[in-house]
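Numbering of the sequence shown is given in the UniProt record's numbering, commencing with residue 1 and proceeding in unit increments.
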Amino acid sequence: MKYNFTDLVSLDELRSTLEKLYSLIELPMSIEDVNQNPLINIGFSDICKKYHTQNPKTLCRCKRSGAFVTDYLYENDYITYRCQNGLIDMASPIIIEGEHVATFLIGQIFFQKPDRDYFKKQAIKFGFNVDEYLQALDRIPVYSKEDAYKIMDYCTNFAQILTKLGLNNLKEIKHKNKLEENEKKYDLLINGISDITLLCKIEKVNDLRIAKVNKNFLKKINLTESEVVGSLLKEIINNNLYTKLNDKINTAIKERKKMQFEIFNLNNYYDIKLMPLECDEYIKHLIITASNISHKKEMEEYRLQLEKLESVGFLAGGIAHDFNNLLTVSMANISLAKKYISEENEYNNTKVLNLLNETNSSFNQAKNLTQQLLTFSKGGLLL
């Protein structure tokens, strides 16, 4: 069973209200739980209290009547029946969210004046004092069916309304307790994170009200907790940062999904994480964390620069080796040319020799440059 009637309604308040109603109409009323245990009993007739429930045989009849109510009540809005002891009872289920939580009963009553001879014979049969039994019979109220049904409708609806109010109060209490429990969890979560962390309550898609923050956030913005908590997020952070976050926040809330992205703000890189929190099938809170990753970014850029330099060095090394091979061959040819110059034509020989020497000097410079490229390709510095 999902709900107990006693958890939803104050029996004392309901009893007081029904007693006031009884003082006006003198109609016996009672409420039982689903196991036929009496919760409220007002105006219980003497004929039942002093006689029918005190005799084992007539009590057995009462129990059979109660079983009849249990068997057929679920199939009807309310039922009217004559118990085996000759009295009329009416019963109506109190239903909450499709569940039977209690039964409202009217009775014992008559729809017309009773047959006194019938009840006189019944008193004799079960050994009751006839005169006192008939006096108790005369105190049973007589109502027309129409009036009895109207009273039944009124009382049942009244009990139904009270029960629904009680259910709403119960749900509200459970919801409040759940929120308080979540608040404690959020406190542990937020204060246990080294990153900048905020817990925001979602009032509208574009309105996040700050509920909790950690010390890292307060230190970053140089404000106190009392100055921050209760304020809208857009009132605390700068407009440029809020603009960068807003679209991502809206997406995270609408699509109910976690998001992670990077932003650049105030000369720093931040890794941002958005985590929507669901409560009772609704997204009511959002956790925002920001981790400063500027140092990580710098290291990444340095690594990329090294990779580029390594690539250039590898290329320079290849060029240097090829160039060096060409220089070696060229210098060897010059040496041979100088050796085979004719000594007979001294003027021409001198001119050619000067040109070869000049060329040789240029090749030496090229060789030095090649050596520097080789040094750079191996991780050295260009001089």
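Quick reminder that beta carbons are idealized off the backbone N, C-alpha and C, glycines included.
### Euclidean distance between Cα positions of A211 and E225
Cα-Cα distance, rounded: 10 angstroms.
### Message
For I193, tell me which candidate among I88, K215, E172, K201 has the shortest Cα-Cα distance.
### Response
Answer by Cα proximity: K215.
### Query
Which parts of the stretch 170 to 256 are runs of the alpha helix (DSSP H), unbroken and 4 residues or longer, counting only runs that do not cross its ends?
Segments of the alpha helix (DSSP H) lying fully in the stretch 170 to 256: 215 to 221, 225 to 228, 233 to 236, 239 to 254.
### Message
Following a CB-centred definition, is A148 positioned closer than 7 angstroms to any heavy atom of the ligand MN?
### Response
With respect to small molecules bound, the structure shown includes none, and the ligand MN cannot be examined in it.
### Task
Mind listing, in chain order, the continuous beta strand (DSSP E) runs of no fewer than 3 residues lying wholly within the UniProt domain "PocR" (7 to 166)?
For the UniProt domain "PocR" (7 to 166), whole beta strand (DSSP E) runs of length 3 or above, ordered along the chain, are 29 to 33, 38 to 42, 79 to 82, 88 to 96, 99 to 109.
### Message
Between the alpha carbons of I263 and V213, how many angstroms are there, rounded?
### Response
Between I263 and V213, the C-alpha separation is close to 20 angstroms.
### Task
Check whether the Cβ atoms of C62 and H52 lie closer than 8 angstroms to each other.
Yes, they are a contact pair.
### As assigned by DSSP and simplified to three states, the class of E300
E300: helix per DSSP, three-state reduction.
### Query
Residues bridged to E278 by DSSP?
For E278, which the question treats as bridged, DSSP gives the partners I283.
### Query
Measuring CB to CB, does Y3 end up less than 8 angstroms from L167?
Taking C-beta atoms as the reference points, Y3 and L167 count as a pair closer than 8 angstroms.
### Query
By a C-beta neighbour count over all protein chains shown, 10 Å radius and 16 as the cutoff for buried, is V142 buried or exposed?
It is exposed - the Cβ of V142 has fewer than 16 other Cβ atoms within 10 Å.
### Message
Using DSSP's beta-bridge definition, name the partner residues of A290.
### Response
Answer by DSSP bridge pairing, in chain order: I196, I272.
### Query
What's the gap between the Cα of V69 and the Cα of C83?
When rounded, the distance between both Cα atoms is 10 angstroms.
### Integer-rounded CB distance, given that P28 should sit under 8 angstroms from S45
Contact holds; Cβ gap of about 6 angstroms.
### Task
Within its chain, find whatever has a CB closer than 8 angstroms to the CB of N240; leave out the 5 residues flanking it on each side and keep chain order.
The residues are N265.
### Task
Have a look at the DSSP bridge pairing and note the partners of E262.
DSSP lists D271 as partners of E262.
### Query
On the three-state DSSP scale, how would you describe K367?
Reduced to three states, the DSSP call for K367 is helix.
### Message
Using 8 angstroms as the threshold, is the C-beta distance between M152 and Y81 below it?
### Response
Pairing M152 with Y81 gives a Cβ-Cβ distance that is not under 8 angstroms.
### Query
Looking at C-alpha atoms only, which residue of R116, N55, D117, H175 is the closest neighbour of F128?
If we check each option's Cα against that of F128, N55 comes out closest.
### Task
Give me the Cβ distance between L8 and T156, rounded to the nearest whole Å; I'm assuming they're in contact under 8 angstroms.
L8 to T156, Cβ: 15 angstroms. No contact.
### Query
Looking at the structure shown, is N357 part of a helix, part of a strand, or coil, going by DSSP?
N357 falls in the helix class under three-state DSSP.
### Message
So the candidates are E132, I88, K121; which of them puts its Cα closest to the Cα of Q112?
### Response
Nearest neighbour of Q112 by Cα position, chosen from E132, I88, K121, turns out to be I88.
### Message
Assuming contact is defined by CB atoms lying nearer than 8 angstroms, are N199 and I96 in contact in what I supplied?
### Response
Reading off the sequence shown, one finds Leu at residue 199, where the question assumed Asn. With contacts defined by Cβ atoms closer than 8 angstroms, L199 and I96 do not form a contacting pair.
### Query
Per DSSP, what kind of secondary structure is L382 in: helix, strand or coil?
Reliability of the predicted coordinates at L382 is poor, the pLDDT of 47 falling under 50, and no value is obtained from them.
### Message
Let me check understanding here. Comparing Cα to Cα, which of I25, Q371, K20, K296 lies closest to D147?
### Response
For D147, the nearest C-alpha among the options comes from I25.
### Query
How should E307 be labelled, buried or exposed, when 16 other C-beta atoms within 10 angstroms of its C-beta is the threshold for buried?
So E307 ends up on the exposed side.
#### Entry: Environment of C279 [buried if 16+ CB atoms lie within 10 Å]
With fewer than 16 other Cβ atoms within 10 Å, it is exposed.
### Message
Classify L14: buried if its beta carbon has 16 or more other beta carbons within 10 angstroms, exposed otherwise.
### Response
Result: buried.
### Message
Quick check on Y270: buried or exposed, where buried means 16 or more other Cβ atoms within 10 Å of its Cβ?
### Response
It counts as buried.
### Message
Can you give me the C-alpha to C-alpha distance between residue 396 and A67, rounded to a whole angstrom?
### Response
Any property of residue 396 remains undetermined from this structure, which presents the chain solely from 1 to 383.
### Query
Where L382 and K367 are concerned, what is the direct C-alpha to C-alpha distance, given to the nearest angstrom?
At L382, the pLDDT of 47 sits below 50, so the modelled position is not reliable and the matter cannot be decided from this model.
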